[in-house]
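Structure first, then comments.
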Amino acid sequence: MSEPYQQRDQVQQGRSPPEIHINSQVPDPEKKSDKRIKITIRDNGIGFDEKYAEKIFVIFQRLHGKTEYEGTGIGLAICKRIIENHNGSITAYSHPGEGATFEITLPLKHDRNS
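Each residue of the sequence shown is one higher than the one before, counting from 473 in this note's numbering.
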């Protein structure tokens with residue numbers, strides 16, 4: 473289904489159209505100890521119970537059945553793997569019905585030997 477139709481269907485079902493907010497924080501160059509960038513991604517989606525915050529990053533793990541929501545359960549697992557391969561981390565925060573926030577931290581310089 474194309475995006476305009478999905479948005480129309482969401483509005484008709486009483487849900488807001490999808491919104492995604494992306495923010496980044498670059499460390500202060502004066503602080504020698506703080507050498508990581510923080511990227512925050514926030515959406516207004518279905519959210520999830522935070523007790524599943526680790527489970528959503530496990531490959532093929534889904535919080536909902538395939539008939540409820542599309543997806544394969546591999547997207548966030550791939551993201552986590554890529555971020556960890558760059559010596560970073562990803563954490564998720566959410567509450568059901570309130571969207572989710574993903575915080576990614578990455579080093580400013582990647583150590584190719586790690």
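Backbone N, C-alpha and C fix where the C-beta goes; we use that ideal spot for every residue, glycine too.
Since this is a predicted model, take the numbers as computed values, not measurements.
Buried or exposed (CB count within 10 angstroms, at least 16 for buried), residue i
i	result
residue 569	exposed
residue 523	exposed
residue 505	exposed
residue 547	exposed
residue 556	exposed
Rounded distance between the beta-carbons of residue j and residue i, thought under 8 Å
i	j	result
residue 488	residue 509	That pair is no contact at about 30 Å.
residue 528	residue 564	6 Å
residue 560	residue 577	5 Å
residue 579	residue 507	6 Å
Rounded separation between residue i and residue j - CA only
i	j	result
residue 562	residue 511	9 Å
residue 581	residue 518	35 Å
residue 516	residue 500	30 Å
residue 479	residue 494	At residue 479, the pLDDT of 48 sits below 50, so the modelled position is not reliable and the matter cannot be decided from this model.
residue 571	residue 514	7 Å
residue 521	residue 553	22 Å
residue 558	residue 551	11 Å
residue 483	residue 525	In this prediction, residue 483 has a pLDDT of 49, which is less than 50 and means its spatial position is unreliable; what the coordinates show is noted afterwards. So the alpha carbons of these two residues sit roughly 28 Å apart.
residue 498	residue 490	27 Å
residue 566	residue 492	14 Å
Terminal residues of the alpha helix (DSSP H) in which residue i lies
i	result
residue 549	547-557
Endpoints, the beta strand (DSSP E) within which residue i is located
i	result
residue 565	561-566
residue 496	492-497
residue 574	572-579
residue 511	508-515
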